[in-house]
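**Q** Residue numbers (the UniProt record's numbering), protein chains in the order written: chain A, 1 to 216; chain B, 1 to 217. We treat Cβ as the ideally placed atom computed from N, Cα and C, and that holds for glycine. Since the structure is predicted, the reported quantities are computational estimates derived from the model, not experimental observations.
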Amino acid sequence: MINIISNHWQTLLYGLGQTLLCSILALFFSLVIGSLFAIMEVLPNKIAHTIGRAYVELFRNIPLLVVTMFFYIVIPKFFFQISGFAAGTIGLTIYTSAFIAETVRAGIQSVDTGQMEGSRANGMTYWQAMRYIVLPQAFKIVIPPLGNQFINLVKNSSVLAFVAGFDLMYEGNTIASTTFDTINSYLVVGVLYLIITMPLSYYMRYLEKKSNRGVN
Amino acid sequence: MQTFIDAYSWVNIAFLLKGLWLTIEVSVASIILSYIIGAILGLVRYIEVKYLSAIVGFIIDLIRNLPLLLIFFFTYFGLPNMGVRLSIPASAILALTIFESAMLAEIIRAGIVSVDKGQMEGARANGMTYWQTLRYIILPQAQVKMIPALVSQFISLIKDTSLATIIMLPELMYHAQIIYGQNSNYIIPMFLALAAMYFVVCYALSLLSRYIEKRVN
Numbered sequence: 001m002i003n004i005i006s007n008h009w010q011t012l013l014y015g016l017g018q019t020l021l022c023s024i025l026a027l028f029f030s031l032v033i034g035s036l037f038a039i040m041e042v043l044p045n046k047i048a049h050t051i052g053r054a055y056v057e058l059f060r061n062i063p064l065l066v067v068t069m070f071f072y073i074v075i076p077k078f079f080f081q082i083s084g085f086a087a088g089t090i091g092l093t094i095y096t097s098a099f100i101a102e103t104v105r106a107g108i109q110s111v112d113t114g115q116m117e118g119s120r121a122n123g124m125t126y127w128q129a130m131r132y133i134v135l136p137q138a139f140k141i142v143i144p145p146l147g148n149q150f151i152n153l154v155k156n157s158s159v160l161a162f163v164a165g166f167d168l169m170y171e172g173n174t175i176a177s178t179t180f181d182t183i184n185s186y187l188v189v190g191v192l193y194l195i196i197t198m199p200l201s202y203y204m205r206y207l208e209k210k211s212n213r214g215v216n
Numbered sequence: 001m002q003t004f005i006d007a008y009s010w011v012n013i014a015f016l017l018k019g020l021w022l023t024i025e026v027s028v029a030s031i032i033l034s035y036i037i038g039a040i041l042g043l044v045r046y047i048e049v050k051y052l053s054a055i056v057g058f059i060i061d062l063i064r065n066l067p068l069l070l071i072f073f074f075t076y077f078g079l080p081n082m083g084v085r086l087s088i089p090a091s092a093i094l095a096l097t098i099f100e101s102a103m104l105a106e107i108i109r110a111g112i113v114s115v116d117k118g119q120m121e122g123a124r125a126n127g128m129t130y131w132q133t134l135r136y137i138i139l140p141q142a143q144v145k146m147i148p149a150l151v152s153q154f155i156s157l158i159k160d161t162s163l164a165t166i167i168m169l170p171e172l173m174y175h176a177q178i179i180y181g182q183n184s185n186y187i188i189p190m191f192l193a194l195a196a197m198y199f200v201v202c203y204a205l206s207l208l209s210r211y212i213e214k215r216v217n
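1. Applying the criterion that 16 or more other CB atoms from any shown protein chain within 10 Å of the CB defines a buried residue, is serine 177 of chain A buried or exposed?
2. Distance, Cα to Cα, valine 163 of chain A vs phenylalanine 180 of chain A?
3. Can you pull the chain A residues whose beta carbon is under 9 Å from the beta carbon of phenylalanine 191 of chain B, in chain order?
4. Kindly list, in the order they appear in chain B, the residues whose Cβ is closer than 8 Å to that of lysine 77 of chain A.
5. Which of the three DSSP states is assigned to alanine 164 of chain A in this structure?
6. Tell whether a beta-carbon distance below 7 Å holds between phenylalanine 29 of chain A and threonine 93 of chain A.
7. To the nearest angstrom, how far is it from the Cα of leucine 192 of chain A to the Cα of leucine 16 of chain A?
8. Are at least three pairs of beta-carbons, each pair with one atom in the stretch 36-52 of chain B and one in the stretch 107-126 of chain B, less than 8 Å apart?
9. Does chain A have any CB closer than 7 Å to the CB of phenylalanine 73 of chain B?
10. Check whether the stretch 79-88 of chain A touches the stretch 156-175 of chain A, taking contact to mean three or more Cβ pairs, one atom from each stretch, closer than 8 Å.
11. Closer than 7 Å, CB to CB, is serine 119 of chain A near chain B or not?
12. Check valine 188 of chain A in the structure and name its three-state DSSP category.
13. For proline 63 of chain A versus lysine 159 of chain B, is the C-beta distance shorter than 7 Å?
14. Any C-beta of chain C sitting closer than 7 Å to the C-beta of glycine 111 of chain B?
15. How many angstroms separate the CA atom of leucine 205 of chain B from the CA atom of threonine 11 of chain A?
16. Between valine 216 of chain B and valine 144 of chain B, what straight-line distance do the alpha-carbon atoms span, to the nearest angstrom?
17. Just mark glutamate 78 of chain A as buried or exposed, buried being the case when its beta carbon has 16 or more other beta carbons within 10 Å.
18. Give every residue of the same chain whose Cβ lies closer than 8 Å to the Cβ of phenylalanine 70 of chain A, excluding the five residues on either side of it in the sequence, and list them in chain order.
19. Alpha carbon to alpha carbon, how far is leucine 172 of chain B from glutamine 132 of chain B?
20. Let's see if you can read the secondary structure: which residues bound the alpha helix (DSSP H) around arginine 85 of chain B?
21. Hey, quick one: how far does the alpha helix (DSSP H) through methionine 168 of chain B stretch, first residue to last?
22. For the alpha helix (DSSP H) containing asparagine 122 of chain A, name the first residue and the last one.
23. Please tell me whether isoleucine 108 of chain A and glycine 34 of chain A are closer than 7 Å, where the distance is taken between their beta carbons.
24. Indicate the three-state DSSP secondary structure (helix, strand or coil) for phenylalanine 80 of chain A in the structure shown.
25. Please go through the same chain and pick out, in chain order, the residues whose beta-carbon is closer than 8 Å to the beta-carbon of isoleucine 178 of chain B, but skip the five residues on each side of it.
26. If we cut at 7 Å on Cβ distances, does tyrosine 126 of chain A have a partner in chain B?
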């Protein structure tokens with residue numbers, strides 16, 4: 001293990017950086033897209049609701065790898081050149097946004113309906129009430145599950161290895177196949193992933209416990 | 001249009017279905033194995049054996065926080081370095097089982113914890129032993145509460161089998177890649193077929209879970 005780290009630490013750090021960058025970008029964009037579809041789902045408009053529902057059901061039931069490979073193969077063939085990193089991030093964003101939409105929708109629906117009715121009765125429009133009253137409360141509820149989504153994103157970003165995204169998994173695999181020291185290379189990669197995901201997951205558990213205490 | 005008709009020739013469809021069948025076989029094997037192991041680990045976590053439960057809990061957390069892809073690499077490329085050489089399907093099932101049993105253990109533990117404490121106390125007060133209570137009172141109730149979480153974990157397991165293409169497991173995704181690798185005109189039709197096949201299997205499962213939930217409540 002020491003050998004792998006001392007000889008390849010630059011590559012590993014670069015990979016770790018790419019993994020984090022990809023996860024953060026995908027979290028940001030899937031939060032935006034996911035919230036949009038979540039709002040569509042709770043709208044009284046039937047068509048908007050159906051579109052939102054269909055998007056969520058579709059991408060929750062298709063493997064991430066299929067979505068990612070689609071962007072990696074189809075965009076360069078029919079449109080323009082795209083790096084593996086970009087294709088991977090787009091795939092991750094689309095896939096994760098479906099899960100985030102589901103989380104945010106649950107958050108919006110858990111906000112008491114009296115909040116919306118009260119704001120409407122006080123003369124706010126539907127969108128004002130949504131923007132200033134319902135969504136801020138919903139996001140507060142949604143923060144711990146979103147943290148778990150981020151952990152999933154970090155783990156799922158390993159699909160970048162399929163599309164030459166130069167992330168931690170890809171670099172680790174390259175090191176494994178050049179040094180033939182597979183066990184130690186994968187151990188190092190595993191430890192690097194755990195350094196990001198473990199503290200986060202314990203922190204999320206702590207947050208959940210804290211918010212549960214408040215409820216009871 | 002013609003490319004679509006060509007792409008969906010009987011030979012190609014049969015080839016895809018063969019891949020889908022292996023996906024299902026590997027998934028079912030992993031689901032059964034990881035359910036058994038997950039149930040044991042979840043119980044060990046719940047009954048709080050000194051030291052053992054804490055160690056098991058830590059290992060579960062470690063595995064849950066690793067990418068599944070890394071575990072695939074480990075079982076297929078790593079284990080031979082330790083003198084264990086498994087066939088491709090066996091290492092795929094092993095990797096899936098390791099990862100999913102950690103996931104399921106956590107779901108099962110949470111399900112047992114969610115059963116009201118009064119159930120255990122009441123049963124004990126009525127003269128049942130701890131194990132009798134667990135077996136006849138707690139677990140049956142926990143089982144019902146777990147169904148949605150369990151099924152959604154099974155769905156993600158089925159989706160995750162696609163990652164096994166990286167160790168050349170000839171499942172659905174791998175077969176589709178072979179087809180569009182031979183003729184790049186088939187890329188779009190193959191991706192549509194892939195999406196449709198995975199969707200049908202996974203969505204059917206989620207409908208089934210909703211149906212069971214309704215029936216039980």
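**A** On the basis of the data shown:
1. Residue mapping note: residue 177 of chain A aligns to position 177 of the first sequence, counting from 1. Per the 10 Å Cβ criterion, exposed.
2. Counted from its first residue, the first sequence places residue 163 of chain A at position 163. Counted from its first residue, the first sequence places residue 180 of chain A at position 180. Cα to Cα, the separation comes out at about 22 Å.
3. For the purposes of this step, residue 191 of chain B is identified with residue 191 of the second sequence, where counting begins at 1. In chain order: Val66, Met69, Phe70, Ile73, Val74.
4. For the purposes of this step, residue 77 of chain A is taken as the residue at position 77 of the first sequence. Simply Ser184, Ile187.
5. Looking up residue 164 of chain A in the first sequence gives position 164. The answer is coil: DSSP assigns alanine 164 of chain A none of H, G, I, E or B.
6. Position 29 of the first sequence, counted from the first residue, corresponds to residue 29 of chain A. Position 93 of the first sequence, counted from the first residue, corresponds to residue 93 of chain A. With a cutoff of 7 Å on beta-carbon distance, phenylalanine 29 of chain A and threonine 93 of chain A are scored as near each other.
7. Sequence index remark: in the first sequence, residue 192 of chain A carries index 192 (1-based). Sequence index remark: in the first sequence, residue 16 of chain A carries index 16 (1-based). Note on geometry: alpha-carbon atoms of leucine 192 of chain A and leucine 16 of chain A lie some 7 Å from one another.
8. With a cut-off of 8 Å, the stretch 107-126 of chain B and the stretch 36-52 of chain B count as touching, because enough Cβ pairs lie within range.
9. The residue you call residue 73 of chain B lines up with position 73 of the second sequence. Closer than 7 Å: yes.
10. Touching, per the Cβ criterion.
11. Translated into the one-based positions of the first sequence, residue 119 of chain A becomes position 119. Serine 119 of chain A does not count as touching chain B.
12. What you label residue 188 of chain A is simply residue 188 of the first sequence in a count that begins at 1. Of the three classes helix, strand and coil, the one that applies to valine 188 of chain A here is helix, per DSSP.
13. Counted from its first residue, the first sequence places residue 63 of chain A at position 63. Counted from its first residue, the second sequence places residue 159 of chain B at position 159. Yes, Cβ-Cβ distance for proline 63 of chain A and lysine 159 of chain B is below 7 Å.
14. Judged by its chain identifiers, the structure shown contains no chain C, and its protein chains are A and B.
15. As a first step, residue 205 of chain B must be located in the second sequence, where it is residue number 205. As a first step, residue 11 of chain A must be located in the first sequence, where it is residue number 11. Looking at the two C-alpha atoms, the distance is approximately 42 Å.
16. As a working note, residue 216 of chain B is residue 216 in the second sequence. As a working note, residue 144 of chain B is residue 144 in the second sequence. Going by C-alpha positions, valine 216 of chain B is about 7 Å away from valine 144 of chain B.
17. Numbered from 1 along the first sequence, position 78 holds the residue referred to as residue 78 of chain A. One point to set straight first is that residue 78 of chain A is phenylalanine, not glutamate, in the sequence displayed. Around the C-beta of phenylalanine 78 of chain A, fewer than 16 other C-beta atoms lie within 10 Å, and the residue is accordingly described as exposed.
18. Here residue 70 of chain A is taken as the residue at index 70 of the first sequence, counted from 1. Once the five neighbours on either side are set aside, the close Cβ partners of phenylalanine 70 of chain A are Gly91.
19. As a first step, residue 172 of chain B must be located in the second sequence, where it is residue number 172. As a first step, residue 132 of chain B must be located in the second sequence, where it is residue number 132. Those two C-alpha atoms are separated by around 44 Å.
20. If you number the second sequence from 1, residue 85 of chain B lands on position 85. No alpha helix (DSSP H) contains arginine 85 of chain B, which DSSP labels as neither H nor E.
21. Reading the second sequence from its first residue, position 168 is the one you call residue 168 of chain B. For methionine 168 of chain B, there is no enclosing alpha helix (DSSP H), as DSSP marks it with neither H nor E.
22. Translated into the one-based positions of the first sequence, residue 122 of chain A becomes position 122. Per DSSP, asparagine 122 of chain A lies in no alpha helix (DSSP H) segment and is marked neither H nor E.
23. Walking along the first sequence from the start, residue 108 of chain A turns up at place 108. Walking along the first sequence from the start, residue 34 of chain A turns up at place 34. Their beta carbons are not under 7 Å apart, which means isoleucine 108 of chain A does not touch glycine 34 of chain A by this criterion.
24. For this step, residue 80 of chain A is matched to residue 80 along the first sequence. Three-state DSSP puts phenylalanine 80 of chain A in coil, outside helix and strand.
25. Taking the first residue of the second sequence as 1, we reach residue 178 of chain B at position 178. Counting only Cβ-Cβ distances below 8 Å, and skipping sequence neighbours, we find Phe15.
26. The residue labelled residue 126 of chain A in the question sits at position 126 within the first sequence. Proximity of tyrosine 126 of chain A to chain B, defined by a Cβ-Cβ separation below 7 Å, is not satisfied.
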